[in-house]
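Number of protein chains: 2
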Amino acid sequence: MFSNMKITDNKFVYIQLKDYIKSMILKGLLRADEKLPSSREMASMLNVSRNTVMYAYEFLQDEGFVYIKKGKGTFVSDIKVSVEEKWNIDWEDEINSYGKLSEKLDIIKHETKWQKGMISFKSIAPDEKLFNIEEFKKSFLNRMSLEGEKVLNYGYAKGYKYLIEYLLKYMENKGVDIEGKDILITNGFTEGFDLVLTCLTNKGDNILCENPTHNTAIKIMKLHGLNIKGVQIGKKGVDLQELEKKLKRDKYKISYFIPSYHNPTGIVMSPENRAKLYNVLKNYNVPIIEDGFNEELRYSGTHVLPIAALSGKGNSVIYIGSFSKVLFPGIRIGWILSDKVLTGYLESIKRARNIHTSSLDQAVFYDYLKSGSFHKYIRKARKIYREKYEFALECAQKYIPSREILGEGGMHIFIKLKNIDSRQLLEKCCERKVIFTPGDIFYVDDRGRDTLRLGFSRVSEDNIERGFKIIGEEIEKLGGTI
Amino acid sequence: MFSNMKITDNKFVYIQLKDYIKSMILKGLLRADEKLPSSREMASMLNVSRNTVMYAYEFLQDEGFVYIKKGKGTFVSDIKVSVEEKWNIDWEDEINSYGKLSEKLDIIKHETKWQKGMISFKSIAPDEKLFNIEEFKKSFLNRMSLEGEKVLNYGYAKGYKYLIEYLLKYMENKGVDIEGKDILITNGFTEGFDLVLTCLTNKGDNILCENPTHNTAIKIMKLHGLNIKGVQIGKKGVDLQELEKKLKRDKYKISYFIPSYHNPTGIVMSPENRAKLYNVLKNYNVPIIEDGFNEELRYSGTHVLPIAALSGKGNSVIYIGSFSKVLFPGIRIGWILSDKVLTGYLESIKRARNIHTSSLDQAVFYDYLKSGSFHKYIRKARKIYREKYEFALECAQKYIPSREILGEGGMHIFIKLKNIDSRQLLEKCCERKVIFTPGDIFYVDDRGRDTLRLGFSRVSEDNIERGFKIIGEEIEKLGGTI
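Residue numbers (our numbering), protein chains in the order written: chain V, 1 to 482; chain B, 1 to 482.
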C-alpha cells in the first residue's frame, strides 16, 4: 500500500507522507488500531530518511490520526469515518434578491472577456511594470523589523494609526480642514462607498449623481435599493441647472460626485462649478460623497481644490480616497474622511463586516508613503501615463470618427459616437481582437448606447495605435464618419 | 516667511519644503503669480542643497501649485482658494437603523477597556511572540521575486488561485469531498459569515444556533434582522432533543454551529452527535453553516471529522474556515467552502463589497503554508497553548469557585458560576486590575449572567495564576464557594 505512494519534489516529504496516510485513513483503507510500519521499515520502503517518517508520525499523532504505544509502535486512531446519506440543496432557489441582483450586476461575469492575443482597452488598472518592487520590499522589511509581530496580530477597525495620521496630513495638504473630522481605512473605494451607503441610506431613498458615472458605484447604489437620479455632465462638470431642477422636485438623502478625472468621462469640474455645486446642495441640505478618484493623475493645469476643501470647517462632505487606481490595487487600501460622529458609526459597521483592513498592508503602505517612494513613483507614473494619454488622444482624434472625445487626465478617454451602437461596434471589434468598455454600463438610465471608454494604462503605444485604427475602421464600416 | 520653516529629521527635506509652500498657498499667504525665491536663494536661506529646492519646485509644478516661466523663475499658480459658507449636518440624525444597531452591538466600544497594568483575560487572539517573522519574511520575498508585480495589481474576487487550490486540498485532508464545491477567499470568518447571510437570508428569517455562541456571529445575525433561536449546548454539543422540538415548531432558513472548540464554551461536539445533528437538520432541510473555528488547536483525543465531511457528495454544509484565530489575524484571511452555484453568488457579492481580499496577503500566506512554515508553527503553537491551557484549567479548578468549568482546547475556558452575576464580579475584579469577558454577550437571550470567558493566549503563567486567584477571591467576597 505505502510503496504505491508517489513522492514528488515540490513539497516536503514528511507532509506528503502525512497527507497520504491521512487520506488512507479517511478512505477507510487503514482501519482503527491497525499498526503502521515502523519508521525504519517505512523509511526503507519509501527510500527516505527515518527522521522524515518519524516527523510525519508525530504530526499525525498531534492531529489525532494515530496514537503511539510506547515500545509497540504507531497505530491508527479510531476515527469515525462515516458519510451520511446524501442531502442536496438546490441553491439557486435559496439565493435572495440581493444575491441575484449582485450576480446580475456583476459586469466582470457578463461582459466580453479578454482572450489571449487581444488588445484590451477595458482596464484602467495601473501598469504593474511601473511598480517599484524593490522599494516596496524595503518598506516591508522595515516594518517587519520595527513591529512585525504587532502588525501581524489584530489591529483596529478604524485602521493603522500611523497611516491615519499620514492621510490626515495628506488631506490637509489638499486644503481640507480636518478639525472635527476623522479617517476610517477601508478595503479600497468600493468598500468605502458601500459602508457610507450602508450607514446612511434606506431602500427607496433618492440619491443624486453624475450621469454617466462610475459603474461600480451604480452597482452599489442599486444593491442598496436607491432611486438613482443622474444629472448630465458637460465639459465643466455637472449641469447645474438640471441639478437644481431635480433638487426642487424631489427630496434627496445624499449625493455622489467625482469632480476630478471623472469616471468614465475624464472631465475635471472647474473650481467655480465646484463652489456652485456645493452651494446648491447646501441650500437643499443634501450631503455630498466626494470620490477622490485619480486626483493624483493630473497632467496639466492649475491645482483644483477638492469639494471637501471648500467646506472648510463644515462637515457636510464625505471624502472617499484611494491610491488603488494609481498604485498597488492588489493591497486594497482606501479611506473615508468624514465628520467624527459619522466616522464612529462607520467604524462599527466596518468592524461588523470584516474586523479591519489588513494591518500588514496598511503598515507597509504607510512606510512606502513615508519613505518618499510614493513621491518618486507618482512622478514617474505621471510622466509615463501623461505621454500615453497624449498619444491616445492624438490617435483617437486621428483614427476614431466621433461626436466628442472627452478626458483631461487619468488612464482613459471617453468617446461619444455619431449614431453608432457601441455594443454592435464591440462585437465587430471583438472579431478583430480588440475590446473596450461599452459606455452604457456607466449610465444610470438607458442612455449611452453610443459611447465607449478606452482605458490605455496597460496597452503599449503600438497597440494603442493599432487598436484605435481597428475601432475606427469598424466605425466607418458601420456608417460612421470622422 | 520661508526662514520660519522648521526642517525636521524624520522626513525628506524636499517633501517638507513642498508641503510648507503648499500650505502657504492654501492659507492664502502666497498669492497667485507671486514669485518664489530662486532655488539658489531658497537653498541658502534654508541651508539645504539647491537640488532639494529644485526637486520641491518641480513637484509643486507637477501638482499644479506653481508654474515656471523659463528664465524668469517660479510663480504661484492661480489656485482658487475659497472656503464657502459653513454648512453643518447633525450626523446623529442621519444614521439609519443599521448604523445605530452596529454601534450599539459594538462590544469593543462598550465593554471594559484594557488599561496599563491590567491582567486581561478578554483576548483570544494568538500570542504574536510565537509568530515566526523570519519565515514570513522569506515567504514575502519569495512571492515578490516570483510575481511581485502581479500580486500588487488587481486580483480576482474569488481569491488567489494557488491559495484556493491549497485550501481545497487542505479541506480534502480533513475528509471533505470537494466535488461540486468551490472556495471563496474572504477577509476572515467575519466577512465569510456576513456574506453567507447576505446572500441567503431575509429580514425576519429564523436561524438556529448554539446558545451561547460566538458573539460576533450574534452581532451579524442581529444586523441581518434574523430571529435567532438558540439551542442549549452540553458537554457533547447541542441538545438534540431541544433542537428537534424547535425544528418541529418553526421553519428555519439556515443554521449555524461551531462543532470544534466551540466559542465560548470550548466544547467539542462528539462524532456521533455531529452525525445526529446533520440528520436532524437534513430531515427538516435546514442547511448548515459550519464554523471551523480553532479546529487547528486540538490538544488531545482522536481526530473528529467536520460536519462538512459527513455530508460526502451532498452540498448542504457551508464551511467557513480561518487561520486568523491561530496565526496572523492582522492579515485577515478566511474562506468559505460551499456548493459551486452558491460560491458563484457569494463571489459576486464579495466583488460588490470590496473587489477582493488583498492579493499580496493571500500570496504570501499561501507561500507560508506551502513552505512548511505553517506546519512548524502549528506544532510549536499547539505545544505552548496546550501547556497554557492545562495550566489555566488547573488554576481555575484550584482558585475559582464555580458550578462548571468548560473547555477542551483552544485559547480560552468558560466558567459557570453559582448565583453570581459576572458583571458585578467584573466590576470588583476591574478595581483590582483584572478583566475578562462577561458571558452574557455570548447568549442569544438574557441568560448567561452567571458565566464568564477567560482567554489566556496572551497572558503569562504567572499572570494567569495571579489573575485567577483575584477572580476567585472576589467570587468568595460575593458569596461564592468552591
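Note that the Cβ used here is the ideal one computed from N, Cα and C, for glycine as well.
Computed from a prediction, not measured in an experiment: that's the story for all the values here.
Residues bridged to threonine 216 (chain B) [DSSP beta-bridge criterion]: Translated into the one-based positions of the second sequence, residue 216 (chain B) becomes position 216. For threonine 216 (chain B), which the question treats as bridged, DSSP gives no partner whatsoever.
Using a Cβ-Cβ distance under 8 Å, would glutamate 92 (chain V) count as near chain B? Translated into positions along the first sequence, residue 92 (chain V) becomes position 92. Cβ-Cβ to chain B under 8 Å: yes for glutamate 92 (chain V).
What does cysteine 199 (chain V) reach in chain B if we use C-beta pairs closer than 9 Å? Residue mapping note: residue 199 (chain V) aligns to position 199 of the first sequence, counting from 1. Within 9 Å Cβ-Cβ: Glu94, Ile95, Asn96, Tyr98, Gly99 and Ser102.
Quick one: does methionine 54 (chain B) have its CB under 8 Å from some CB of chain V? Indexing the second sequence from 1 puts residue 54 (chain B) at position 54. No, its Cβ sits nowhere closer than 8 Å to a Cβ of chain V.
CA nearest to the CA of isoleucine 228 (chain B), picked from B:Ile218, B:Lys236 and B:Gly237: Residue numbering aside, residue 228 (chain B) sits at position 228 when the second sequence is read from its first letter. Comparing Cα-Cα distances from isoleucine 228 (chain B) to each of B:Ile218, B:Lys236 and B:Gly237, the minimum goes to B:Ile218.
What in chain V is Cβ-close to valine 231 (chain B), meaning under 7 Å? The residue you call residue 231 (chain B) lines up with position 231 of the second sequence. Neighbours of valine 231 (chain B) on chain V: none; closest Cβ ~20 Å, over 7 Å.
Three-way DSSP call (helix, strand, coil) for tyrosine 443 (chain B) in this model: Numbered from 1 along the second sequence, position 443 holds the residue referred to as residue 443 (chain B). Residue state, collapsed to three classes: coil.
Which residues in chain B sit within 7 Å of valine 144 (chain V), going by Cβ to Cβ distance? Counting from one through the first sequence, the residue named residue 144 (chain V) turns up at place 144. In the sequence under discussion, the amino acid at residue 144 (chain V) is methionine, which differs from the valine named in the question. Within 7 Å Cβ-Cβ: Ile133 and Lys137.
Contacts around leucine 195 (chain V), its chain only, beta-carbon distance under 8 Å, and the 5 residues preceding and following it disregarded: Position 195 of the first sequence holds residue 195 (chain V). Taken in chain order, the residues that qualify are Leu184, Thr186, Ile336, Leu346, Ile349, Lys350 and Arg353.
Note down, in chain order, all residues in the region 247-277 of chain B with a beta-carbon under 7 Å from any beta-carbon belonging to chain V. Pro271 and Ala275
Separation of glycine 344 (chain V) from tyrosine 389 (chain B), as counted between CA atoms: In the second sequence, counting from the first residue as 1, residue 389 (chain B) sits at position 389. In the first sequence, counting from the first residue as 1, residue 344 (chain V) sits at position 344. Taking the straight line joining both Cα atoms gives about 36 Å.
Under a Cβ-count criterion, where at least 16 other Cβ atoms within 10 Å of its own Cβ denotes burial, should glutamine 115 (chain B) be classed as buried or exposed? Walking along the second sequence from the start, residue 115 (chain B) turns up at place 115. With fewer than 16 other Cβ atoms within 10 Å, it is exposed.
Rounded to the nearest angstrom, how far is the Cβ of alanine 43 (chain V) from that of valine 76 (chain V), given a contact under 8 Å? In the first sequence, the residue the question calls residue 43 (chain V) occupies position 43. In the first sequence, the residue the question calls residue 76 (chain V) occupies position 76. The pair is not a contact, with the Cβ atoms about 19 Å apart (cut-off 8 Å).
Quick one: complete alpha helix (DSSP H) runs, 4+ long, within the region 367-450 of chain V? 373-399 and 422-431
Could you pull the start and end residues of the beta strand (DSSP E) that isoleucine 335 (chain B) belongs to? In the second sequence, counting from the first residue as 1, residue 335 (chain B) sits at position 335. It should be pointed out that residue 335 (chain B) corresponds to tryptophan in this sequence rather than to isoleucine. Unbroken beta strand (DSSP E) run through tryptophan 335 (chain B): 334-339.
Is the region 78-98 of chain B touching the region 287-305 of chain B in the sense that three or more CB pairs, one from each, lie closer than 8 Å? no
Check whether leucine 360 (chain V) and aspartate 361 (chain B) have beta carbons under 8 Å apart: Position 360 of the first sequence, counting from 1, holds the residue named residue 360 (chain V). Position 361 of the second sequence, counting from 1, holds the residue named residue 361 (chain B). Yes, Cβ-Cβ distance for leucine 360 (chain V) and aspartate 361 (chain B) is below 8 Å.
Which residue wins for smallest C-alpha separation from phenylalanine 323 (chain B), given the options B:Tyr377, B:Lys313 and B:Glu210? In the second sequence, residue 323 (chain B) corresponds to position 323, counting from 1. Comparing Cα positions, the closest option is B:Tyr377.
Rounded distance between the beta-carbons of proline 212 (chain B) and phenylalanine 442 (chain B), thought under 8 Å: Walking along the second sequence from the start, residue 442 (chain B) turns up at place 442. Walking along the second sequence from the start, residue 212 (chain B) turns up at place 212. Confirmed, Cβ separation roughly 3 Å.
Chain B within 8 Å of isoleucine 336 (chain V), Cβ atoms only: By 1-based counting over the first sequence, the position of residue 336 (chain V) is 336. Judged by the 8 Å Cβ criterion, isoleucine 336 (chain V) is not in contact with chain B.
Apply the 10 Å Cβ neighbour rule to aspartate 127 (chain B) and answer buried if 16 or more other Cβ atoms are within range, or exposed otherwise. Residue numbering aside, residue 127 (chain B) sits at position 127 when the second sequence is read from its first letter. So aspartate 127 (chain B) counts as buried.
Going by C-alpha to C-alpha distance, which of B:Val13, B:Lys6 and B:Asp9 sits closest to histidine 375 (chain V)? As a first step, residue 375 (chain V) is located in the first sequence; it is residue number 375 there, counting from the start. Nearest of B:Val13, B:Lys6 and B:Asp9 to histidine 375 (chain V), Cα basis: B:Val13.
Relative to chain B, which residues along the region 438-472 of chain V have a C-beta separation below 8 Å, given in chain order? none
Kindly say whether proline 37 (chain B), judged by its beta-carbon, lies nearer than 8 Å to any beta-carbon of chain V. Position 37 of the second sequence, counted from the first residue, corresponds to residue 37 (chain B). No, no contact with chain V.
Along the alpha helix (DSSP H) that carries tyrosine 55 (chain B), what are the first and last residues, could you check? By 1-based counting over the second sequence, the position of residue 55 (chain B) is 55. Residues 50-62.
Looking at the structure shown, is glutamine 232 (chain B) part of a helix, part of a strand, or coil, going by DSSP? Translated into the one-based positions of the second sequence, residue 232 (chain B) becomes position 232. If DSSP states are grouped into helix, strand and coil, glutamine 232 (chain B) belongs with the strands.
What's the call for serine 300 (chain B), buried or exposed, on a 16-neighbour Cβ count within 10 Å? Here residue 300 (chain B) is taken as the residue at index 300 of the second sequence, counted from 1. Serine 300 (chain B) comes out exposed.
If we define contact as Cβ-Cβ less than 8 Å, is aspartate 62 (chain B) a contact residue for chain V? Within the second sequence, numbered from 1, the residue matching residue 62 (chain B) stands at position 62. For aspartate 62 (chain B), the answer is yes, since a Cβ of chain V falls inside 8 Å of its Cβ.
Euclidean distance between Cα positions of lysine 137 (chain B) and leucine 130 (chain B): Residue 137 (chain B) sits at position 137 when you count from the first residue of the second sequence. Residue 130 (chain B) sits at position 130 when you count from the first residue of the second sequence. Taking the straight line from one Cα to the other gives about 15 Å.
Do you know offhand how far serine 38 (chain B)'s Cα is from leucine 17 (chain B)'s? On the second sequence, residue 38 (chain B) is found 38 positions in, with the first residue counted as 1. On the second sequence, residue 17 (chain B) is found 17 positions in, with the first residue counted as 1. Near 14 Å, if we compare the C-alpha coordinates of leucine 17 (chain B) and serine 38 (chain B).
Identify the continuous beta strand (DSSP E) that holds phenylalanine 495 (chain B) and give its terminal residues. Since the displayed chain B opens at 1 and closes at 482, residue 495 (chain B) lies outside it and no answer follows.
Contact with chain V by glycine 175 (chain B), beta-carbon distance below 8 Å: One-based indexing of the second sequence puts residue 175 (chain B) at position 175. Cβ-Cβ to chain V under 8 Å: yes for glycine 175 (chain B).
Against chain V, with Cβ distances strictly below 8 Å, would tryptophan 87 (chain B) count as a contact? Within the second sequence, the letter at position 87 stands for residue 87 (chain B). By this cut-off, tryptophan 87 (chain B) is an interface position.
For serine 260 (chain B), which residues from the same chain have a beta carbon less than 6 Å from its beta carbon, with the 5 sequence-adjacent residues on both sides left out? Looking up residue 260 (chain B) in the second sequence gives position 260. Taken in chain order, the residues that qualify are Val268 and Glu295.
Take leucine 101 (chain B) as the anchor and find which of V:Thr198, V:Lys418, V:Glu474 and V:Lys282 has the nearest alpha-carbon. Reading the second sequence from its first residue, position 101 is the one you call residue 101 (chain B). Cα-wise, what sits closest to leucine 101 (chain B) is V:Thr198.
Within 8 Å, strictly: CB atoms of isoleucine 254 (chain V) and proline 287 (chain V): Stepping through the first sequence from its first residue, residue 254 (chain V) is reached at position 254. Stepping through the first sequence from its first residue, residue 287 (chain V) is reached at position 287. Result yes, Cβ atoms of isoleucine 254 (chain V) and proline 287 (chain V) sit closer than 8 Å.
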